[in-house]
Each structure stands twice: as C-alpha cells, then as structure tokens.
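Q: Encoded as structure tokens, here's the structure I'll be asking about.
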Amino acid sequence: MRELDAVSDPEALTGAMIAGGFGIAWALWGASGLTGGPAAAVRAGAIVIGVLIVLGSALLQRLARGADRAARGADPRARSGSLFSSPAYRRVLALEVTALVGGRVLLGSTGNGEYTIAWFAGVVGIHFVVFGRLFWVGFYWLGGALLAAGLAGAVLGLAGGGSGTIRAVSGLIAAASLFAAGGWTVLATRASVRARRPRSGLNTAFKICSARGGAICPPAREPATLLLQFGYT
C-alpha cells in the first residue's frame, strides 16, 4: 500500500482529533495514579491541551480540504487513498480490540489487574507500528513511544512499584505521545495549507517588478500589463 501524505491530507486532522481525545483519556487514567495537586494539575492541563488539538484540527479541516482539492486538480485519483476506509485498517482495529479485551480479562483473572494500563499501552503501540508498515512511516515513532510507555510501567511494577506508579508512568507517557502527535499534525498541516494557497497574479507581478530593481509597479495596472512593461512576455 502506498504511503499516505500525513501533513496535507485532511484525514490527518481527523487522526489528530482522535489523538487529542484519547490523549485526554490516557492522561486522566494516568492522573488516577497521582494524588492531590499534581493529579488536579495533570487533569486540567490534559483537558486544555486535548481540547485545543481537537478544535484546531476541526477549524483547519475545511482549509485543508480546499488545499487538497487544489493540489489534486482535475485528477480525482491523485489522492484517492484513505486510511479510515481501508479494509486493512478495520482488520488491525478488530485485532487491537480483541487483544485489549482479552488481555484485560486475563490480567484481571490472574490478579494482575494493575498491569492493565501497561498492556493497553503496549497493544496500542503495536497497532501504530503496524499502521507504520501499512500506511505511513510516521506512525512508527508514535508506536514506539506507546510501547515504551507500556514497557516502563511494567518494569516499574515488577521492580516493586505500586499500581499508582504503573498508572502514572504508562498513562502519562502515552498521553504525552498522543498530544505530541496531534499537536505536530495541527501545526504542520497549518503550515502546509498556508504554503499551498494560490497567490494572486498581482502579487506575483509585484515580486517580478521588485526583482528588476528600482521599479515601482502602479497598483492600478493589471498583472499582464506589468509583465509586458518589463519585457517578461
């Protein structure tokens, strides 16, 4: 399967919204391992960050779709790929849900429920690694970060850390990873959309006039007239 354009594709902003929402969920789960002021600060900060990512993505999507159509031009097949409608995406998602539910049941039945969050982080990390193989290489780093979140929580738990420590470490690393991915997508897409906006011929003509040195282009003239004046046709 071809690699997707995760910056200019409006679907990337849908992914950023998902990352913002799940980032809040992971942060709240991780904050349950903290107490007092730190827990409250993490909850409040996560909600603010996640909401900003979701709103920023939603506001940019319309502009991104317009830039996407302009880049595609007359060829509707130029950007026909879709991650969310892909059969491979649905298969990976189904396997992920099965692994999450199965692992939770197994850990709970064996008295190791405190490792559930670490298991979840690991499974979600693997699913992003698979996405990196199937869709876009940028998913690899997010998958690696979530795998690290799961591994860190599990190692600390095996080293004697309590359930609160496991939740705080795995949950907050996972949340930070998702927020970083979502925030980067919003900022990168904003820059990409602005760079791809078509510029008017008048602005282009003024740049040409300036490049000729010392000439001032009268604003009342049409771009074609300005180009003729300086011998560019």
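Under the working numbering, read the sequence shown as residues -17 to 215, first letter to last. Glycine is no exception: its CB is placed at the ideal position from the N, C-alpha and C atoms.
1. At which residues does the alpha helix (DSSP H) containing Thr80 begin and terminate?
2. Kindly indicate which residue of Gly48, Ala13, Met(-1) has the alpha-carbon position closest to the one of Val33.
3. Quick check: the Cα distance between Trp8 and Leu133, rounded to an integer number of angstroms?
4. Alpha carbons only, please: which of Gly135, Val36, Leu77, Ala26 is nearest the one belonging to His109?
5. Would you report the Cα separation of Gly165 and Gly90, rounded to the nearest angstrom?
6. Going straight from the alpha carbon of Pro(-8) to that of Val74, what length do you get?
7. Using a Cβ-Cβ cut-off of 7 Å (strictly less than) and excluding sequence neighbours within five positions of Tyr122, which residues of its own chain qualify?
8. Please list the terminal residues of the continuous alpha helix (DSSP H) segment that includes Glu(-7).
9. Quick check on this structure: which residue in Phe4, Trp11, Thr80 has the alpha carbon closest to the alpha carbon of Glu260?
10. Output the distance between the C-alpha atoms of Leu118 and Ile148, rounded to the nearest integer angstrom.
11. First and last residue of the alpha helix (DSSP H) that includes Ala127?
12. Quick test of your reading: Ala28 and Gly3, contact by CB under 8 Å. State the CB separation rounded to the nearest angstrom.
13. With H, G and I counted as helix, E and B as strand and the rest as coil, what does DSSP make of Ser64?
14. Go ahead and pull the three-state DSSP assignment for Leu37.
15. Tell me which same chain residues have a C-beta within less than 7 Å of the C-beta of Leu82, skipping the five on either side of it?
16. Can you tell which of Leu65, Ala(-6), Leu129, Gly146 has its C-alpha closest to the C-alpha of Leu16?
17. State the DSSP-derived secondary structure class of Thr17, mapped to helix, strand or coil.
18. Enumerate in chain order the residues of its own chain whose CB-to-CB distance from Ala163 is below 7 Å, with the five nearest sequence positions on each side excluded.
19. Report the rounded CA-to-CA distance for Ile155 versus Leu65, giving the unit in angstroms.
A: By the coordinates alone:
1. Indexing the sequence shown from 1 puts residue 80 at position 98. Unbroken alpha helix (DSSP H) run through Thr80: 69 to 91.
2. Locating residue 33 in the sequence shown gives position 51, where the first residue counts as 1. If we check each option's Cα against that of Val33, Met(-1) comes out closest.
3. Stepping through the sequence shown from its first residue, residue 8 is reached at position 26. Stepping through the sequence shown from its first residue, residue 133 is reached at position 151. Straight-line Cα distance between these residues: approximately 15 Å.
4. For the purposes of this step, residue 109 is taken as residue 127 along the sequence shown, with counting starting at 1. The alpha carbon of His109 has as its nearest neighbour, out of Gly135, Val36, Leu77, Ala26, the alpha carbon of Leu77.
5. For the purposes of this step, residue 165 is taken as residue 183 along the sequence shown, with counting starting at 1. For the purposes of this step, residue 90 is taken as residue 108 along the sequence shown, with counting starting at 1. Looking at the two C-alpha atoms, the distance is approximately 34 Å.
6. Here the question's residue -8 lines up with position 10 in the sequence shown. Here the question's residue 74 lines up with position 92 in the sequence shown. Cα to Cα, the separation comes out at about 22 Å.
7. What you label residue 122 is simply residue 140 of the sequence shown in a count that begins at 1. Val111, Gly114.
8. Mapped onto the sequence shown, residue -7 falls at position 11. It spans -8 to 13 - the alpha helix (DSSP H) in which Glu(-7) sits, taken as one unbroken run.
9. Missing from the structure shown is residue 260; the chain here goes from -17 to 215 and no further.
10. Counting from one through the sequence shown, the residue named residue 118 turns up at place 136. Counting from one through the sequence shown, the residue named residue 148 turns up at place 166. Rather than Leu, the amino acid found at residue 118 in this sequence is Trp. Roughly 30 Å separates the two Cα atoms.
11. Within the sequence shown, numbered from 1, the residue matching residue 127 stands at position 145. Element bounds for Ala127: 121 to 140.
12. Against the sequence shown, residue 28 aligns to sequence position 46. Against the sequence shown, residue 3 aligns to sequence position 21. Actually they do not touch by this definition, with Cβ atoms about 11 Å apart.
13. Taking the first residue of the sequence shown as 1, we reach residue 64 at position 82. If DSSP states are grouped into helix, strand and coil, Ser64 belongs with coil.
14. In the sequence shown, counting from the first residue as 1, residue 37 sits at position 55. For Leu37, the three-state secondary structure derived from DSSP is helix.
15. Position 100 of the sequence shown, counted from the start, is the residue given in the question as residue 82. Excluding residues within five positions, the ones whose Cβ falls inside 7 Å are Phe102, Val105.
16. What you label residue 16 is simply residue 34 of the sequence shown in a count that begins at 1. Ranking Leu65, Ala(-6), Leu129, Gly146 by Cα distance to Leu16 puts Gly146 first.
17. Taking the sequence shown and counting its residues from 1, the one referred to as residue 17 is at position 35. DSSP places Thr17 in coil when its eight states are reduced to three.
18. Position 181 of the sequence shown holds residue 163. Cβ within range, chain order: Ala1, Leu124.
19. Here residue 155 is taken as the residue at index 173 of the sequence shown, counted from 1. Here residue 65 is taken as the residue at index 83 of the sequence shown, counted from 1. So the two alpha carbons sit approximately 25 Å from each other.
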